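Heads up, the thing below is written out as structure tokens.
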Amino acid sequence: MLARARLIAVCLALSACGMDELVGKDVEDPTLLSSPREAEDLDPDPDRVHVRLRATRATHQIGDIRYPGYAYDGRLPGPTVRGKIGDTLLVELENHLDQPTTIHWHGMQVPYAMDGVTWQADPVAAGARFTYSFELSRAGLFWYHPHFDAAGQVDRGLYGAVVVEAPDEPRVDHELVLVFDRWNEASPASGPGSSPHALGPPSRPRHAAETGNAGSFWTVNGKLRPKVELPAGERVRARLLNASTRSYLDLRFPEPVRQLAGDQGLLAQPVDSDAMLLAPGDRAEVELLLGDYDVVLSAAPYSELGGPAVGELEELAAIVTAGSAAAPASSPWPFSGAQASPDPPFSDIVYVFSGDSAGNDWRINGELFPDVTLKEVALGSDAVIEIRNASASEHPFHLHGHAFELLSVAGVAPDARTLEDTVNVRVGETVRVKLRADNPGEWMAHCHILEHAAAGMMTVLRVE
Ligand code: C2O
Ligand code: CU
């Protein structure tokens with residue numbers, strides 16, 4: 034009783050200064066697999082979505098462990114922002130942190146001034162606010178996160194999903210938004226034998242626990258191995274996002290599932306598979322047709338230094354099916370069936386990713402951000418970009434402000450037209466993409482292992 038009284042007193046003191054919130058425990062059932070709460074739409078106009086997001090300090094409660102961190106609106110993940118194609122989105126960001134922050138709309142084709150980057154623009158100062166506003170132009174699963182000290186702020190818990198709906202996509206019985214994050218990751222530059230470097234390791238260990246001890250593990254929507262029971266015979270659309278700053282998610286399903294969508298909404302052709310690799314920043318959507326078996330999601334060990342690794346599967350979450358109805362048929366998704374564009378024998382832009390983890394030295398074309406040479410593409414034209422990985426680590430290549438079409442991976446063209454904003458480039462591999470430069474601005478192009486980007490693996494593509 035005494036201990037409990039003291040705990041309440043501490044919480045009161047913290048909320049009195051408005052700085053810290055306890056996220057996780059007591060907020061909702063930590064064992065229940067459920068979508069993150071949705072941001073409240075403050076505008077009654079059906080074609081406008083107006084939400085408010087407060088970035089604050091927070092303490093994340095994961096199982097028995099507490100992690101000091103940050104959160105949007107005291108939630109991990111932050112509230113899901115939902116709208117439909119053609120809506121105007123307004124987001125008022127209030128910065129209650131003691132440092133600057135921004136919001137970047139990952140994968141969304143927003144005007145340059147709304148992109149949340151600090152190249153030629155100031156971040157939102159501590160105590161200040163900023164309103165982001167743009168039109169929702171493409172359906173799919175996107176996400177939002179800071180682009181100021183992204184490696185530190187995303188790692189501490191600042192991220193959330195954005196769902197944009199299309200009028201022609203079929204309704205399902207359940208939709209689940211699942212945001213994955215990894216905790217207690219070893220810092221790349223702090224292992225024994227690593228050499229000191231001017232940029233140094235992060236100021237605090239990644240996702241370091243305040244109490245207790247644990248190896249690294251995944252969470253789903255901030256929860257450890259949550260479960261939900263759903264009736265057999267139902268259709269579920271699961272929208273998956275890897276929000277980890279550096280860990281690859283090698284997802285496994287007990288039976289093949291139908292992948293409906295990737296980074297940029299519905300695929301041209303569905304893919305049936307029981308495995309799916311989500312690099313940091315990647316999204317995918319799958320259709321789960323519930324039958325007489327439970328859908329247990331697990332992760333196979335995977336390292337950015339060498340890909341699939343030996344080890345056991347880690348259970349992430351489970352949908353327990355109730356009843357004995359047979360699995361329903363797949364919904365009539367409006368896949369376009371579009372063909373991939375031909376991969377031409379030339380490149381307009383070449384990015385060579387190099388570096389090594391021992392020195393935490395990561396570069397594009399030998400340069401360290403912000404000392405970079407701007408590449409240019411004329412507004413309205415197409416550009417073929419070739420990304421070569423000359424390092425011993427994999428890198429997810431991400432470009433702001435545009436989607437790009439995948440032309441080939443290691444010389445192999447995709448089976449159908451594939452639009453992405455984040456594409457993994459394996460060790461020694463070359464990935465070629467086609468960009469339709471239709472959004473003017475000076476766009477960041479970088480590795481989405483955010484520690485690599487922070488160390489310098491970021492450049493700028495000017496479209497004008
Ligand atoms: Cu999700 Cu520049 O990043
Ligand atoms: Cu990288």
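For the sequence shown, the numbering used here begins at 34 and goes up steadily by one.
Here a beta-carbon is modelled for each residue, glycine too, at the ideal position from N, C-alpha and C.
Predicted, not measured: the structure shown is a model, and the values here were computed from it.
Check: Span of the beta strand (DSSP E) around residue 349; Outcome: 347–355
Check: C-beta contact flag for residue 150 and residue 104 at 8 Å; Outcome: no
Check: Near ligand 1: residue 490 beta-carbon under 7 Å from a heavy atom; Outcome: no
Check: Proximity below 8 Å, CB of residue 210 to CB of residue 364; Outcome: no
Check: Residues bridged to residue 178 (per DSSP); Outcome: 137
Check: For residue 183, the first and last residue of its enclosing alpha helix (DSSP H); Outcome: 183–188
Check: Ligand 1 heavy atom lying under 7 Å from the CB of residue 444; Outcome: no
Check: Check: residue 428 C-beta below 7 Å from any heavy atom of ligand 2; Outcome: yes
Check: contact_flag[the stretch 252–266, the stretch 290–298] where n(CB pairs < 8 Å) is 3 or more; Outcome: no
Check: Any non-hydrogen atom of ligand 1 closer than 7 Å to residue 298 Cβ; Outcome: no
Check: Buried or exposed (CB count within 10 angstroms, at least 16 for buried), residue 65; Outcome: exposed
Check: Sequence-distant residues of the same chain with beta carbon closer than 8 Å to residue 228, five excluded per side; Outcome: Note that residue 228 scores a pLDDT of 28, beneath 50, so its modelled location is shaky and nothing firm can be said.
Check: Opening and closing residue of the alpha helix (DSSP H) in which residue 488 lies; Outcome: 483–488
Check: Delimiting residues of the beta strand (DSSP E) encompassing residue 433; Outcome: Run containing residue 433: none; DSSP gives neither H nor E here.
Check: Buried or exposed by the 16-neighbour rule on C-beta atoms within 10 Å, applied to residue 17; Outcome: Only positions 34 to 497 of the chain appear in this structure, which leaves residue 17 out of reach.
Check: Rounded Cβ spacing between residue 336 and residue 349 (contact assumed at less than 8 Å); Outcome: Not quite, the Cβ-Cβ distance comes to about 18 Å (not below 8 Å), so this is no contact.
Check: Beta-carbon proximity list for residue 357, same chain, < 7 Å, skipping 5 on both sides; Outcome: 265 and 325
Check: Local conformation of residue 88 per DSSP, three classes; Outcome: strand
Check: Between the CA atoms of residue 463 and residue 419 - distance to the nearest angstrom; Outcome: 7 Å
Check: Alpha-carbon to alpha-carbon, residue 281 and residue 184; Outcome: 15 Å
Check: Cutoff 7 Å; reference residue 116; Cβ partners in own chain excluding five residues on either side; Outcome: 82, 122, 169 and 197
Check: N-terminal and C-terminal residue of the beta strand (DSSP E) that residue 305 is part of; Outcome: 298–311
Check: Environment of residue 345 [buried if 16+ CB atoms lie within 10 Å]; Outcome: exposed
Check: Beta bridge counterpart(s) of residue 147 as assigned by DSSP; Outcome: In DSSP, residue 147 forms no bridge with anything.
Check: Closest residue to residue 88 among 423, 159, 309 and 75 (Cα-Cα distance); Outcome: 159
Check: Counted within 10 angstroms of its Cβ, other Cβ atoms place residue 496 as buried (16 or more) or exposed; Outcome: buried
Check: Among 178, 111 and 107, nearest to residue 134 - alpha-carbon criterion; Outcome: 178
Check: Limits of the beta strand (DSSP E) - the one that residue 457 falls within; Outcome: 455–458
Check: Spatial neighbours of residue 302 in its chain, beta-carbon cut-off 8 Å, leaving aside the 5 residues before and after; Outcome: 368, 370, 448 and 449
Check: Secondary structure of residue 382, DSSP reduced to three states; Outcome: strand
Check: Residue 329: first and last residue of the uninterrupted beta strand (DSSP E) it sits in; Outcome: 328–333
Check: Sub-8 Å separation of residue 322 and residue 360 beta-carbons; Outcome: yes
Check: Check whether residue 204 and residue 273 have beta carbons under 8 Å apart; Outcome: no
Check: Contacts around residue 485, its chain only, beta-carbon distance under 6 Å, and the 5 residues preceding and following it disregarded; Outcome: 395
Check: Contact test: residue 193 Cβ vs ligand 1 heavy atom, cutoff 7 Å; Outcome: no
Check: Three-state class that DSSP yields for residue 281 in the structure shown; Outcome: coil
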